[in-house]
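The block underneath contains the structure these notes are about, expressed in structure tokens.
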Amino acid sequence: MATCLVTGGAGFLGSHLCDELLDRGNRVICVDNLETGSLANISHIRDADRFEFLGIDIIEPYFVDESIDFVYHLASPASPIDYLRLPLHTLKVGSYGTHHTLGLAKAKRARFLIASTSEVYGDPLEHPQSESYWGHVNSVGPRGVYDEAKRYAEALTMAYHRQQGVDTAIVRIFNTYGSRMRPHDGRAIPTFLRQALANRPITVFGDGSQTRSFCYVSDLIRGIIALAESGHHYPVNIGNPDEFTLLELAEIVKELTDSDAEIVYEALPEDDPKQRKPNISLARELLGWAPEVSLREGLQRTIEGSGAEILIGGGS
Ligand code: NAD
Numbered sequence: 063m064a065t066c067l068v069t070g071g072a073g074f075l076g077s078h079l080c081d082e083l084l085d086r087g088n089r090v091i092c093v094d095n096l097e098t099g100s101l102a103n104i105s106h107i108r109d110a111d112r113f114e115f116l117g118i119d120i121i122e123p124y125f126v127d128e129s130i131d132f133v134y135h136l137a138s139p140a141s142p143i144d145y146l147r148l149p150l151h152t153l154k155v156g157s158y159g160t161h162h163t164l165g166l167a168k169a170k171r172a173r174f175l176i177a178s179t180s181e182v183y184g185d186p187l188e189h190p191q192s193e194s195y196w197g198h199v200n201s202v203g204p205r206g207v208y209d210e211a212k213r214y215a216e217a218l219t220m221a222y223h224r225q226q227g228v229d230t231a232i233v234r235i236f237n238t239y240g241s242r243m244r245p246h247d248g249r250a251i252p253t254f255l256r257q258a259l260a261n262r263p264i265t266v267f268g269d270g271s272q273t274r275s276f277c278y279v280s281d282l283i284r285g286i287i288a289l290a291e292s293g294h295h296y297p298v299n300i301g302n303p304d305e306f307t308l309l310e311l312a313e314i315v316k317e318l319t320d321s322d323a324e325i326v327y328e329a330l331p332e333d334d335p336k337q338r339k340p341n342i343s344l345a346r347e348l349l350g351w352a353p354e355v356s357l358r359e360g361l362q363r364t365i366e367g368s369g370a371e372i373l374i375g376g377g378s
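63 is the number of the first residue of the sequence shown in the numbering used here; add one for each residue after it.
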């Protein structure tokens, strides 16, 4: 049995990771300050023998008094609504929070994996994006706080690896969805599901021609664990390369929810990327990983796993 520490373990992805690590027989320590996460996400495992929750803000130095084999560092605001509301916090989690968590992994001689993001590619000039692409990021735009925090965190991770000998891994996560996303977190899938289920207008930004690739959460978690268990140190993309326009997504959501909601168009947010699609050749070769769940199937599972009332979540 390995002991795994998950920062951000009460968040959307972190809680699914805790579930899977427990299912695989590990001991799991979840570290979270509940800034954007929730105890409801871990209520079903809270009393499990092999699970422990620590309410810690990782921006401050912290220590855990037991041996640890794997550190999964997921804590960070992740949706635009959150990081635009918490710009300094986002930069501090990426910098101080990552320093403290890397320091802990070093002290414990643990394998460390950081959740980075496709946002490090910015509004990409290369399509699809492979790990060797260095990105096209506006450091002074409103999204810069998130993109640059993650770019800094990647640089820090490589410095701890090169200079301090920490066994590190970097996963670049592309848009992922599933149950436990907050209905009002501003990301496209929970927003469209909430609006369609309530028969309210579905709000598409711009003309809806911008593309995204959506990965179902179970596929992503499988990829993250495979990467943590590999010996690889450089970034690896994990995401689903099936690419959809936002308008196509809105139409699929309407169809699956049997909704009469009309589709309306709103102004495009600043620095909104026009295209997003991972090149996953490296993950295929290195980890034998590929996504298995199609968008329609994943959306269906999200609706069933969350329940319509939770997805609607009150308000518009
Ligand atoms: P989330 O907001 O649901 O989870 C983040 C968790 O981190 C929350 O539980 C929050 O309370 C916790 N947290 C934030 N600041 C903290 C602090 N100072 N100390 C302790 N805990 C803190 O977001 P998510 O979608 O689950 O994202 C998890 C990670 O994956 C993030 O690092 C995010 O950047 C990355 N990521 C997610 C996606 C995606 O599509 N969901 C895409 C790319 C990258």
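For each residue, glycine too, the CB sits at the ideal point set by N, CA and C.
Bear in mind that the values here come from a model prediction, so they are computed numbers and not experimental data.
Taking just the CA atoms, how far does residue j sit from residue i?
i    : j    : result
F113 : L84  : 8 Å
T319 : A258 : 7 Å
L136 : A177 : 5 Å
L349 : Y278 : 18 Å
W351 : I286 : 10 Å
L146 : E188 : 26 Å
T98  : T152 : 11 Å
R224 : R256 : 45 Å
V326 : Q272 : 15 Å
R262 : A323 : 5 Å
T65  : A172 : 10 Å
N103 : S368 : 11 Å
E181 : K339 : 11 Å
V68  : R108 : 14 Å
G87  : L289 : 18 Å
H106 : P252 : 22 Å
N302 : S275 : 6 Å
From the DSSP output, read off the bridge partner residues of residue i.
i    : result
P340 : Q191
A177 : V233
H135 : T69 and I176
C277 : T238
L116 : V93
E305 : S275
F267 : E328
I300 : I235
G184 : H198
Given 7 Å as the limit, tell me if residue i has its C-beta closer than that to any heavy atom belonging to the ligand MG.
i    : result
V155 : Among the ligands in the structure shown, the ligand MG does not appear; only the ligand NAD can be found there.
If residue i and residue j are in contact, beta carbons under 8 Å, what's the gap, nearest whole angstrom?
i    : j    : result
G463 : Y214 : Nothing in the structure corresponds to residue 463, since the chain is present only between 63 and 378.
G197 : Y183 : 5 Å
Y239 : T364 : 6 Å
D247 : D334 : Their Cβ separation, rounded to whole angstroms, is 16 Å, which puts D247 and D334 out of contact at 8 Å.
I250 : F174 : Inspection of the sequence shows that residue 250 is occupied by Ala rather than by Ile. So it is not a contact: roughly 31 Å between Cβ atoms.
T331 : P142 : Looking at the sequence provided, one finds Pro at residue 331 rather than Thr. Confirmed, about 7 Å.
H161 : L218 : 7 Å
Exercise. Give a yes or no on contact between the region 279-292 and the region 78-93, applying the rule of three or more CB pairs nearer than 8 Å.
Key: Using a Cβ-Cβ distance cut-off of 8 Å, the region 279-292 and the region 78-93 are in contact, since at least three pairs of beta carbons, one from each stretch, lie closer than that value.
Quiz prompt | the region 188-202 touching the region 252-272, judged by at least three CB pairs closer than 8 Å | solution = Counting Cβ pairs under 8 Å, fewer than three are found: no touch.
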